[in-house]
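Residue numbers (the UniProt record's numbering): 1 to 358.
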């Protein structure tokens with residue numbers, strides 16, 4: 001019988017990294033420990049393993065974060081890097097790990113768990129698809145050129161304070177400190193899955209940085225290295241819409257890339273308006289979401305709800321009669337003719353495959 005518990009030692013951490021690398025990486029990809037340091041962080045100390053006779057046989061990364069929506073701060077966890085030794089599969093270890101992380105989230109007074117996969121394991125644990133966004137395929141033919149007075153360039157170390165200010169000014173986002181942003185840009189989490197690398201671009205006007213974008217792309221002049229045929233894509237961005245689009249136009253106009261993919265959440269109306277003539281595909285947010293505790297979520301949302309004169313107890317009363325799947329729909333599905341929403345619902349929730357992706 002396996003002992004399911006938190007990872008505790010450097011030896012256990014290295015065992016988890018080796019297991020994850022054996023499952024998810026090939027010899028050309030960087031280690032999971034490099035790409036996802038928070039998954040294996042002993043200082044965070046949140047990830048779980050299944051041990052048989054003190055040997056790690058299965059692992060589940062569990063990473064805490066704060067998501068800001070207006071003035072509200074939601075306590076969330078992300079599940080990722082879930083893996084089991086080949087000889088230990090089919091013994092229920094992953095299910096045991098999932099139960100352990102849900103219990104851990106409840107004890108931490110977290111409100112939500114994000115899951116990067118779509119396995120039946122997660123569906124059985126009450127994880128559901130959520131949200132809506134559009135993926136736009138930008139090209140030199142369909143994106144507008146930069147407005148007069150906007151200059152685009154690669155970022156410099158001296159830009160880091162301004163990038164952090166722009167990131168914090170977003171209405172809906174992961175909480176990111178100055179050191180978080182620098183470290184997450186460097187680790188290249190999701191980009192490393194397809195052997196892309198981060199490029200950071202800024203747009204400035206009048207000597208002031210107005211927007212930035214982190215773009216995942218192959219090394220310049222070497223598109224053969226990629227593990228997929230997909231185009232470069234935008235990982236994270238913040239700032240003025242016109243300045244942001246100047247970054248996209250600059251890179252496409254230079255002829256380095258034929259296309260650039262941008263995922264835009266349903267509530268980012270200025271970008272949708274800017275891209276209205278560009279081909280797009282409607283998608284849900286990436287992965288699945290689990291509602292840990294309805295009351296905790298409503299309490300954590302109260303600073304946001306107060307802006308529309310609603311209380312946590314009112315939202316809880318509205319959602320309490322529903323099962324979790326319908327609660328997720330009410331909380332995150334975009335307005336439609338059959339589901340018009342309210343002034344505070346659905347929640348403007350950030351895209352989950354940004355710099356904080358697990």
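Think of the CB as a built atom: it goes at the ideal place given N, C-alpha and C, for glycine as much as any other residue.
C-alpha gap between residue i and residue j, whole angstroms
| i | j | result |
| --- | --- | --- |
| residue 148 | residue 331 | 41 Å |
| residue 135 | residue 316 | 33 Å |
| residue 20 | residue 288 | 21 Å |
| residue 32 | residue 203 | 32 Å |
| residue 337 | residue 270 | With a pLDDT of only 49 at residue 337, under the threshold of 50, the placement of this residue in the model should not be trusted; the figure read from the coordinates follows. Cα to Cα, the separation comes out at about 22 Å. |
| residue 187 | residue 29 | 12 Å |
| residue 253 | residue 213 | 16 Å |
| residue 174 | residue 44 | 17 Å |
| residue 163 | residue 211 | 8 Å |
| residue 291 | residue 179 | 29 Å |
| residue 139 | residue 238 | 21 Å |
| residue 207 | residue 199 | 21 Å |
| residue 95 | residue 65 | 23 Å |
| residue 87 | residue 323 | 37 Å |
| residue 132 | residue 264 | 9 Å |
| residue 279 | residue 242 | 19 Å |
| residue 205 | residue 152 | 9 Å |
| residue 144 | residue 217 | 21 Å |
| residue 116 | residue 258 | 28 Å |
| residue 80 | residue 319 | 28 Å |
| residue 120 | residue 58 | 17 Å |
Cβ-based burial, residue i [other Cβ within 10 Å; buried from 16]
| i | result |
| --- | --- |
| residue 8 | exposed |
| residue 118 | exposed |
| residue 99 | exposed |
| residue 229 | exposed |
| residue 1 | exposed |
| residue 72 | buried |
| residue 12 | buried |
| residue 84 | buried |
| residue 308 | exposed |
| residue 111 | buried |
| residue 196 | buried |
| residue 232 | buried |
| residue 156 | exposed |
| residue 268 | buried |
Assigned secondary structure, residue i (DSSP; H/G/I helix, E/B strand, else coil)
| i | result |
| --- | --- |
| residue 32 | helix |
| residue 337 | Confidence at residue 337 is low in this model, with a pLDDT of 49, below 50, so the placement of that residue should be treated as unreliable; the coordinate-derived value is given next. It is coil, neither helix nor strand. |
| residue 284 | coil |
| residue 13 | helix |
| residue 174 | strand |
| residue 211 | strand |
| residue 93 | helix |
| residue 277 | coil |
| residue 290 | strand |
| residue 130 | coil |
| residue 109 | coil |
| residue 204 | strand |
| residue 151 | strand |
| residue 234 | strand |
| residue 41 | coil |
| residue 159 | helix |
| residue 165 | helix |
| residue 189 | helix |
Element boundaries [alpha helix (DSSP H), containing residue i]
| i | result |
| --- | --- |
| residue 71 | Here residue 71 belongs to no alpha helix (DSSP H), and DSSP marks it neither H nor E. |
| residue 136 | Residue 136 -> not in any alpha helix (DSSP H); beta strand (DSSP E) instead, spanning 133-139. |
| residue 332 | 324-332 |
| residue 318 | 312-319 |
| residue 123 | 120-124 |
Residue i: first and last residue of the uninterrupted beta strand (DSSP E) it sits in
| i | result |
| --- | --- |
| residue 260 | 259-265 |
| residue 27 | That residue, residue 27, is in no beta strand (DSSP E); it is neither H nor E in DSSP. |
| residue 5 | 3-6 |
| residue 349 | From DSSP, residue 349 is part of no beta strand (DSSP E); its letter is neither H nor E. |
Which residues DSSP lists as bridging residue i, in chain order
| i | result |
| --- | --- |
| residue 306 | Looking at the DSSP assignment, residue 306 forms no beta bridge with any residue, so it has no partner. |
| residue 198 | 216 |
| residue 78 | 63, 114 |
| residue 239 | 211 |
| residue 255 | None; residue 255 has no bridge partner. |
| residue 49 | 5, 59 |
| residue 83 | 59 |
Residue i beta carbon near the ligand NAD (any heavy atom closer than 8 Å)
| i | result |
| --- | --- |
| residue 215 | Among the components of this structure there are no ligands whatsoever, and the ligand NAD is therefore not found. |
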